[in-house]
Amino acid sequence: MKNFSLLVLLLLARISQAQGDLSDNIRIESEALGYDLQYRVYVPDRVRRNAKLPVLYITDGQWYISQGKLPELLDSEITSGSIDPLIVVFVDSRNPDNLAENRRNRQFFCNQSYVDFFTNELLNKIDADYPTNPDREGRVILGLSFGGRNSACFGLMAHQSFAGIAMQSPANTEMVDDLTYQYRLQDKLPLKMFLSVGTQNDNTQAGRQFMQTLKFQEYDLTYREVDEGHDWDNWGPLLDDVLATFFTK
Numbered sequence: 088m089k090n091f092s093l094l095v096l097l098l099l100a101r102i103s104q105a106q107g108d109l110s111d112n113i114r115i116e117s118e119a120l121g122y123d124l125q126y127r128v129y130v131p132d133r134v135r136r137n138a139k140l141p142v143l144y145i146t147d148g149q150w151y152i153s154q155g156k157l158p159e160l161l162d163s164e165i166t167s168g169s170i171d172p173l174i175v176v177f178v179d180s181r182n183p184d185n186l187a188e189n190r191r192n193r194q195f196f197c198n199q200s201y202v203d204f205f206t207n208e209l210l211n212k213i214d215a216d217y218p219t220n221p222d223r224e225g226r227v228i229l230g231l232s233f234g235g236r237n238s239a240c241f242g243l244m245a246h247q248s249f250a251g252i253a254m255q256s257p258a259n260t261e262m263v264d265d266l267t268y269q270y271r272l273q274d275k276l277p278l279k280m281f282l283s284v285g286t287q288n289d290n291t292q293a294g295r296q297f298m299q300t301l302k303f304q305e306y307d308l309t310y311r312e313v314d315e316g317h318d319w320d321n322w323g324p325l326l327d328d329v330l331a332t333f334f335t336k
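Going by the numbering used here, the letters in the sequence shown line up with residues 88 to 336, in that order.
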């Protein structure tokens with residue numbers, strides 16, 4: 088009887104948690120890049136027809152789905168009221184015709200063509216197809232490792248389109264040092280930021296120096312440092328912090 092009651096409670100808890108919709112892969116042809124990409128879109132449950140939801144864009148989106156379990160976290164955080172409803176675009180870094188080919192090493196290094204794909208093509212498509220807030224204040228970009236570097240690049244190169252940048256373990260040391268230098272030269276930009284690094288083989292010192300530069304320039308920065316390495320033991324548990332930084336009132 089006790090086991091039956093527990094099962095009923097678990098079923099009721101599952102039913103009471105609203106579940107958003109995660110689309111299948113959607114293909115997009117990019118003139119800026121000269122090839123096709125694919126992405127998936129998470130839309131929260133019970134969205135009003137006239138809603139204008141903020142949008143989180145994620146590079147390496149396939150990993151945030153499979154390893155980060157972000158759609159499940161979104162369901163939980165939105166249902167509990169911990170964060171406001173949002174749309175999430177999981178951009179796949181792989182060739183949709185050959186998933187063994189990952190293009191991230193040429194897309195994520197402050198690549199102007201990749202920036203143009205987002206700002207001139209993808210954003211317009213998402214705003215046309217979903218109930219989004221189409222202003223820069225409603226957009227955040229998130230990435231890890233080289234994708235974290237890419238988010239920092241977007242802060243410099245696409246701040247007209249994105250008000251928030253989230254960087255998990257931006258890599259590598261030399262590149263982060265260069266970003267620190269570029270931000271030091273740049274007047275303060277209208278950006279809200281999240282930056283995290285691990286303390287085990289995760290460009291820790293470079294990440295700390297980057298953090299210190301951003302704080303010196305008085306950016307609205309949430310910084311997290313965890314006793315983990317360059318892996319999902321580091322990134323996964325911080326995803327609720329990322330969401331809370333940008334999507335709570």
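Every residue, glycine too, gets a C-beta built ideally from N, C-alpha and C.
- The shortest C-alpha to C-alpha distance from GLN299 to any of VAL176, ARG271, ALA331 and ALA253 is the one to ARG271.
- Nearest to ARG191 by alpha-carbon distance, out of SER180, ASP184, GLN199 and SER200, is SER180.
- Your pair LEU330 and GLY155 does not check out as a contact, with CB atoms roughly 11 Å apart and the cut at 8 Å.
- Every alpha helix (DSSP H) stretch that sits fully inside the region 245 to 313 and reaches 4 residues is listed by chain position as 260 to 272 and 291 to 303.
- Apart from sequence neighbours up to five positions away, the residues of its chain that approach ASN321 with a beta-carbon distance below 6 Å are GLY285, VAL313 and GLU315, ordered along the chain.
- For LEU308, the closest of PRO141, LYS275, SER117 and PHE233 by C-alpha to C-alpha distance is LYS275.
- Under the three-state reduction of DSSP output, GLN106 falls in the coil class, being neither helix nor strand.
- Following the DSSP letters along the chain, one finds TYR122 inside the beta strand (DSSP E) bounded by residues 122 to 130.
- Our two residues, ASN182 and PHE334, have alpha carbons roughly 31 Å apart in a direct line.
- A direct Cα-to-Cα measurement between ILE170 and TYR129 gives close to 15 Å.
- Here the region 196 to 210 makes no contact with the region 159 to 174; the two share fewer than three CB pairs at distances below 8 Å.
- Ranked by Cα distance from TYR144, the first of ASP132, GLN125 and ARG133 is GLN125.
- Taking each of SER256, LEU278, GLU261 and TYR268 in turn and checking the Cα distance to GLN287, the smallest one comes out for SER256.
- Distance from the CA of PRO218 to the CA of ARG136, rounded to the nearest whole angstrom, comes to 7 Å.
- DSSP links LEU210 through a beta bridge to no other residue.
- PHE303 is classed as exposed because its beta carbon has fewer than 16 other beta carbons within 10 Å across all chains shown.
- Just so you know, the alpha carbons of GLY251 and ASN211 end up roughly 18 Å apart.
- Minimum Cα-Cα distance from GLN273 among the listed residues GLY242, SER248, ARG295 and GLU261 corresponds to GLY242.
- In the same chain as GLU188, and ignoring 5 residues on each side of it, the C-beta atoms closer than 8 Å to its own belong to ARG181 and ASN182, in chain order.
- Taken atom to atom, the span from the alpha-carbon of TYR122 to that of GLU116 is near 6 Å.
- The beta carbon of VAL178 lies closer than 6 Å to those of TYR126, THR146 and GLY148 in the same chain, with the five residues before and after it left out.
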